[in-house]
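Structure record follows, encoded as structure tokens.
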Amino acid sequence: MANMWKGRFRSATHPLMEAFGQSLSFDRELWRQDLKGSLAHVKMLLAVGLLTAKEETAIRRGLKGIARDLASGELVLDPANEDIHMSIEAELTARIGEPAKKLHTARSRNDQVATDLRLWTREKQASLSDRLRQVMLSLLELARSGQKLVIPGYTHLQRAQPVLLAQHLLAYVEMFGRDRERLADCRRRTNRLPLGACALAGTTLPIDREMVCRELGFDGLCENSMDAVSDRDFVAETLACLALISVHASRLAEDAILWTTSEWGLARLDDAWSTGSSIMPQKRNPDILELTRGKAGRVIGDWVALLTILKGLPMAYNRDLQEDKEPLFDAVRTVDSVLQCLSAFLPTLRFDAGRASALLADGFLDATALAEFLVEKGMPFRTAHEASGNLVRLAEDSGRQLSGLTMAEMRTVCPLLDESVYARLDPSRTPASYVSSGNAGPAGVRQALAAWKKKLRE
Ligand code: ARG
119 MANMWKGRFR SATHPLMEAF GQSLSFDREL WRQDLKGSLA HVKMLLAVGL
169 LTAKEETAIR RGLKGIARDL ASGELVLDPA NEDIHMSIEA ELTARIGEPA
219 KKLHTARSRN DQVATDLRLW TREKQASLSD RLRQVMLSLL ELARSGQKLV
269 IPGYTHLQRA QPVLLAQHLL AYVEMFGRDR ERLADCRRRT NRLPLGACAL
319 AGTTLPIDRE MVCRELGFDG LCENSMDAVS DRDFVAETLA CLALISVHAS
369 RLAEDAILWT TSEWGLARLD DAWSTGSSIM PQKRNPDILE LTRGKAGRVI
419 GDWVALLTIL KGLPMAYNRD LQEDKEPLFD AVRTVDSVLQ CLSAFLPTLR
469 FDAGRASALL ADGFLDATAL AEFLVEKGMP FRTAHEASGN LVRLAEDSGR
519 QLSGLTMAEM RTVCPLLDES VYARLDPSRT PASYVSSGNA GPAGVRQALA
569 AWKKKLRE
């Protein structure tokens, strides 16, 4: 290959070095952004007098032709070129000849690749945010349709207090909602223009960075030329967001895996989302959920890979930075597929109301409500906690639920109690008595559903 830097070398690059150094096999992903950046750059070069109108026209038409042919698949970039930037420039030279030699005026691949990657990343931040919105809508729909179902809520994976299934699902809506905020916040720092920093120092040529900034829809310039070419914080931040999204998805998957076990039996997988076993004919495996859980490991790995690449880099551009792309591309692709699958899968999950009430009947989930009932009667909470605990022991020893104790038995433990306590002693009805804001009962859920529906419509 005739390298673009060939001027000062006597012999060709070793083939192993060429293969080792090439990035075209993965950075061809950036072709649209590269062309977009070049078109803006060329327009600016014309405006400041570094190109004639004729040259600008030739380059612009050439670049647009390349865009057309890449989009149609007619043009396959020559793998002999090192990266997407050189490939496109070489193709342009083959098409228009002499004027192509001016495209790279006042530009380096260092500011070029940083620009391309920022353009690419900001698009993906937006499309992933849309994907998150879809998952949230699926969760809301599931929460709405299963709104009345009461299930055991757990702490330490021990049955704790009854909650509405909807509240459990809405917890994930909160998490994914925060993820969307994080992506939007991260975009503010992503959407800055590095182009014009050139290799690291800026240029002696009279370029107009503000014009390119406006052309490309950036919110402002990367102010320091050395930071501009070496900053990959926006990649690190995006990967951090993606890692957290995948952790949230993984937790949701884990919950759903538990729900669909024979042991819990709280939910059933739709056939379309169940996978079988090659040996055990009866199996219905939740591969969608297990893969969602597993992919979180991969995305966290992508984030750690990037941080490790950045750690210890001296100023300014170093070729190590070429390694930023594969983790980013991989994480975006992975999270995109996770979210797409989740939003299609979630509405098909079917809950078993009979099984929910069977689970509720076991485990004294109404013991806290009983203690709070005593607090309403004027008892200090610590004393009420102990009294309720004594009643639990009494019921447990005789194989009954709290509601199975007679009034006389209850009174021997706690004379404050009267018949009205029984209304609080059915775990399936306890949530109806929750009153605090954000509670896991019908009152809290109704409010949250309405608030989220409104927010997601905006
Ligand atoms: N392919 C390179 C990358 O992804 C482009 C920048 C190369 N710059 C250089 N000075 N070799 O980082």
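Under the working numbering, read the sequence shown as residues 119 to 576, first letter to last.
Backbone N, C-alpha and C fix where the C-beta goes; we use that ideal spot for every residue, glycine too.
Treat the numbers as computed from the prediction; the structure is a model and nothing was measured.
What does the alpha-carbon distance come out to for the pair residue i and residue j?
i	j	result
residue 414	residue 177	44 Å
residue 488	residue 526	16 Å
residue 585	residue 371	The displayed coordinates of the chain run from 119 to 576. Any statement about residue 585 would go beyond what the structure contains.
residue 539	residue 240	57 Å
residue 395	residue 405	11 Å
residue 559	residue 499	22 Å
residue 165	residue 411	52 Å
residue 383	residue 473	7 Å
residue 63	residue 506	The structure shown does not extend to residue 63, since the chain spans only 119 to 576, so no value can be given for it.
residue 504	residue 381	32 Å
residue 205	residue 564	57 Å
residue 174	residue 208	17 Å
residue 352	residue 304	7 Å
residue 232	residue 267	51 Å
residue 126	residue 321	21 Å
residue 479	residue 511	16 Å
residue 630	residue 359	The displayed coordinates of the chain run from 119 to 576. Any statement about residue 630 would go beyond what the structure contains.
residue 128	residue 135	16 Å
residue 146	residue 195	8 Å
residue 616	residue 217	Since the first residue of the chain shown is 119 and the last is 576, residue 616 is not available in this structure.
residue 119	residue 151	Below a pLDDT of 50, predicted positions are generally treated as unreliable, and residue 119, at 48, falls in that range; no measurement from the model is reported.
residue 220	residue 566	58 Å
residue 389	residue 550	34 Å
residue 568	residue 536	37 Å
residue 514	residue 520	8 Å
residue 211	residue 122	12 Å
residue 189	residue 182	10 Å
residue 440	residue 225	18 Å
residue 274	residue 379	18 Å
residue 490	residue 451	49 Å
residue 433	residue 332	28 Å
residue 293	residue 426	27 Å
residue 548	residue 387	29 Å
residue 238	residue 295	23 Å
residue 377	residue 542	26 Å
residue 447	residue 198	22 Å
residue 403	residue 458	19 Å
Would you mind stating whether residue i and residue j have Cβ atoms separated by less than 8 Å?
i	j	result
residue 309	residue 236	yes
residue 155	residue 334	yes
residue 168	residue 223	yes
residue 256	residue 464	yes
residue 467	residue 374	yes
residue 509	residue 497	no
residue 306	residue 337	yes
residue 247	residue 213	no
residue 339	residue 327	yes
residue 200	residue 143	no
residue 234	residue 347	no
residue 357	residue 420	yes
residue 477	residue 269	yes
residue 285	residue 481	no
residue 534	residue 495	yes
residue 361	residue 343	no
Starting from residue i, follow its DSSP beta bridges and name the residues at the other end.
i	result
residue 469	385
residue 338	310
residue 403	393
So residue i and residue j are in contact, right, with Cβ under 8 Å, and what is the actual spacing, rounded?
i	j	result
residue 574	residue 254	6 Å
residue 288	residue 261	6 Å
residue 258	residue 572	Not quite, the Cβ-Cβ distance comes to about 11 Å (not below 8 Å), so this is no contact.
residue 278	residue 483	7 Å
residue 202	residue 148	5 Å
residue 469	residue 264	5 Å
residue 367	residue 456	5 Å
residue 438	residue 424	Contact doesn't hold; Cβ gap of about 11 Å is too wide.
residue 159	residue 330	6 Å
residue 475	residue 546	6 Å
residue 493	residue 502	5 Å
residue 449	residue 422	Rounded, the Cβ-Cβ distance is 11 Å, inconsistent with contact.
residue 431	residue 354	About 12 Å; that fails the 8 Å criterion.
Hey, is residue i's beta-carbon within less than 8 Å of any beta-carbon in chain C?
i	result
residue 339	The chain labelled as chain C is not found in the depicted structure, where only one protein chain is given.
Exercise. Residue ranges of each beta strand (DSSP E) run of no fewer than 3 residues wholly in the region 299 to 323, ordered along the chain?
Worked result: Segments of the beta strand (DSSP E) lying fully in the region 299 to 323: there are none.
Tell me the start and end of each unbroken alpha helix (DSSP H) in the region 251 to 304 that is at least 4 residues and wholly inside, in chain order.
Entirely contained in the region 251 to 304, not one alpha helix (DSSP H) run reaches 4 residues.
Go through the region 405 to 486 residue by residue and report every complete run of the alpha helix (DSSP H) that reaches 4 residues or more, in order. If you keep only unbroken alpha helix (DSSP H) runs of at least 4 residues inside the region 405 to 486, you get 405 to 428, 443 to 463, 471 to 478.
Q. In chain order, which beta strand (DSSP E) runs of at least 3 residues are fully inside the region 484 to 525?
A. You should have found no qualifying run.
Which residue spans inside the region 153 to 204 form an unbroken alpha helix (DSSP H) run of at least 4? Qualifying alpha helix (DSSP H) stretches, in chain order: 171 to 190.
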